[in-house]
Amino acid sequence: MCTNFKVPRAQDGSVVVGRNLEFPSVMQTSLAVLPADFRGSFARPDGAESGTGWTARYGVVGMCGFGHPSVLMDGMNTAGLSGHVLYMPQYCQYQPYRGDGSDVAETELCAWLLGTCASTEEIGRALEGKNVWGLDPGMGLVPPCHFLFHDEHSSVALEFHPDGWRLLDNPTSVATNAPYLDWHLTNLKNYVGLSPIAPATPHPEGIDLTPFGLGQGLMGLPGGLTPPARFIRAYALTSMANPPENGREAEQFALHVLNSFDTVGGFMGRVFGEAHSVHDATVWDTIANLTGRRYAYRTMGDPTVYVVRLETTDFTGPARRKHLSWDGDFTAVTV
């Protein structure tokens with residue numbers, strides 16, 4: 128399970144997006160760089176070349192899976208557009224493969240759209256007439272997903288319904304997992320009374336009702352790890368907190384929000400069969416500074432936050448992967 132959000136625009140105009148990935152830690156991921164002229168070929172169910180493809184216009188940095196730089200689960204491009212693939216069980220239905228040149232597998236959507244689009248508006252135009260079908264990237268199943276995209280001015284959600292894909296404006300700039308976005312937006316109405324300010328303390332005769340501390344206005348804020356609970360909490364955190372002053376503070380803001388959703392292994396899991404259980408954990412966090420063109424990340428085994436500056440990244444040559452650090456440590460100091 129995952130959480131994705133956009134930080135309120137900083138006073139200097141900076142826009143930053145945060146995301147974490149909760150999944151079984153056995154999933155292979157790497158840092159990927161796709162060049163600005165990357166040539167992609169749309170897949171076919173039989174593994175043969177489809178004869179149709181695309182050529183990138185923008186360089187892309189992100190997290191890829193299963194040993195393939197173009198199987199992106201998260202990333203941003205040199206135009207300041209970010210994309211995030213989140214799990215969507217029970218609420219994702221891809222279409223059958225057509226073979227008429229309109230097919231795009233879900234595994235190549237993120238790389239294709241980030242490589243060729245500079246805004247959420249361009250994503251809508253690129254998807255016109257396309258048929259999204261499901262391909263197993265090496266998991267033993269076709270992963271049910273939805274896709275979130277953010278640019279400096281807007282956020283959209285790409286969902287897959289029985290009648291085809293839908294691209295929806297996301298006014299909250301927040302996403303988690305199932306169900307569909309419209310349900311989450313309706314569910315917000317259950318929490319309209321939340322406030323960062325404590326309500327006035329009543330003083331009935333002979334009874335002390337002084338609050339134990341701050342936070343009384345947030346009574347009812349869900350604290351669980353279900354997708355609806357995380358959606359409400361992420362929206363509350365990003366909509367009520369003070370906006371940052373600049374890009375650095377916006378990145379720190381995103382890091383603090385991500386910390387509140389950090390999950391250790393064994394705390395949240397699922398059972399397959401009679402005796403086989405798999406536990407989710409926060410595998411990595413990413414922070415995409417859309418205006419500052421910085422892509423930061425940290426992993427479950429290394430607390431260090433690493434930063435890729437897109438303006439100094441080499442986006443020529445072949446697509447490439449870089450191994451992530453999974454074995455970091457706290458920084459020692461002498462006192």
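Remember, the numbering used here sits 127 above the position in the sequence shown when you count from 1.
Note that the Cβ used here is the ideal one computed from N, Cα and C, for glycine as well.
Every value quoted in this text rests on a predicted model; they were computed, and no experiment measured them.
Inset, instruction - Taking the CB atoms as reference points, tell me whether V283 and V259 lie closer together than 8 Å. - result: The Cβ-Cβ distance between V283 and V259 does not fall below 8 Å.
Inset, instruction - May I ask you to verify whether the stretch 165-181 touches the stretch 210-220, counting CB pairs closer than 8 Å and requiring at least 3? - result: No: the two stretches stay apart, fewer than three of their Cβ pairs being nearer than 8 Å.
Legend entry - Of the residues V198, F193, G202, G192, the one placed nearest W185, counting alpha carbons only: Correcting the residue identity first, residue 185 is Tyr in this sequence and not Trp. Distances from the CA of Y185 to each of V198, F193, G202, G192 were compared; the closest alpha carbon is that of G202.
Legend entry - Supposed contact pair L345 and L364 - C-beta distance, whole angstroms, cut 8 Å: In this structure, L364 and L345 do not form a Cβ contact; the two beta carbons are roughly 10 Å apart against a cut-off of 8 Å.
Inset, instruction - Answer yes or no: do C244 and L208 have a C-beta to C-beta separation smaller than 8 Å? - result: Going by C-beta atoms, C244 is nearer than 8 Å to L208.
Inset, instruction - Measuring alpha carbon to alpha carbon, tell me which of N369, R136, D389 ends up nearest T130. - result: Ranked by Cα distance from T130, the options N369, R136, D389 are led by D389.
Inset, instruction - Flag G428 as yes when its Cβ comes closer than 7 Å to any non-hydrogen atom of the ligand ADP, and as no otherwise. - result: The ligand content of the structure shown is nil, which means the ligand ADP is not present either.
Inset, instruction - With DSSP as the reference, please indicate the residues paired to P196 in a beta bridge. - result: None; P196 has no bridge partner.
Legend entry - Stretch-stretch touch, CB-based, cutoff 8 Å, three pairs: the stretch 340-356 with the stretch 266-285: Touching, no, given that fewer than three Cβ pairs across the two stretches are closer than 8 Å.
Legend entry - P323 vs M266 beta-carbon contact at 8 Å: No, the pair does not count as a contact, with Cβ atoms beyond the cut-off.
Legend entry - According to DSSP, residues forming a beta bridge with K81: The displayed coordinates of the chain run from 128 to 462. Any statement about residue 81 would go beyond what the structure contains.
Legend entry - Limits of the unbroken beta strand (DSSP E) element including V144: Where V144 is concerned, the enclosing beta strand (DSSP E) stretches over 143-151.
Legend entry - When A170, A446, M190 are compared against W411, the one with the closest alpha-carbon: Closest in alpha carbon position to W411, among A170, A446, M190, is M190.
Inset, instruction - Measure from the alpha carbon of S300 to the alpha carbon of each residue in G333, L241, T247, then state which is nearest. - result: The shortest C-alpha separation from S300 is found at T247.
Legend entry - Exposure of G167, with buried meaning 16 or more beta-carbon neighbours within 10 Å: By the C-beta density criterion, G167 is buried, having at least 16 other C-beta atoms within 10 angstroms.
Legend entry - Neighbour-count burial assignment, K316, 16 or more Cβ in a 10 Å radius: Around the Cβ of K316, a 10 Å sphere holds fewer than 16 other Cβ atoms; the residue is exposed.
Legend entry - Straight-line Cα distance separating F169 from L382: Roughly 35 Å separates the two Cα atoms.
Legend entry - Chain-order list of residues whose beta-carbon lies under 6 Å from that of L463 (same chain, five-residue window excluded): Not covered by the structure: residue 463. The range shown for the chain is 128 to 462.
Legend entry - Cβ shell of G291 (< 7 Å), same chain only, five flanking positions each side left out: Cβ neighbours of G291 beyond the five flanking positions: Q222.
Inset, instruction - Output yes or no for whether 8 Å exceeds the beta carbon distance between P338 and A325. - result: For P338 and A325, yes; Cβs fall inside 8 Å.
Inset, instruction - Could you tell me which of T234, A361, N297 sits nearest to P271, measuring between CA atoms? - result: For P271, the closest C-alpha among the options T234, A361, N297 is that of T234.
Legend entry - Secondary structure of V259, DSSP reduced to three states: Under the three-state reduction of DSSP output, V259 falls in the strand class.
Inset, instruction - Count the other CB atoms, across all protein chains shown, that sit within 10 Å of the CB of N297; report buried if there are 16 or more and exposed otherwise. - result: Buried is the label assigned to N297, since at least 16 other Cβ atoms lie within 10 Å of its Cβ.
Inset, instruction - Taking 8 Å as the cut-off, decide whether the C-beta atoms of H241 and L213 are in contact. - result: According to the sequence shown, residue 241 is Leu rather than His. The answer is no: Cβ separation not under 8 Å.
Inset, instruction - Could you check which residue in T431, V142, L161, P151 has the C-alpha nearest to that of R448? - result: Relative to the Cα of R448, the nearest Cα in the group T431, V142, L161, P151 belongs to L161.
Legend entry - P355 (DSSP reduced to helix, strand or coil): DSSP places P355 in helix when its eight states are reduced to three.
Legend entry - Distance, I414 Cα to G194 Cα: Rounded to the nearest angstrom, the two C-alpha atoms are 22 Å apart.
Inset, instruction - List the residues that DSSP assigns as beta-bridge partners of W292. - result: For W292, the beta-bridge partners assigned by DSSP are F287.
Inset, instruction - Report the partner residues of I324 according to the DSSP bridge assignment. - result: Per DSSP, none; premise fails for I324.
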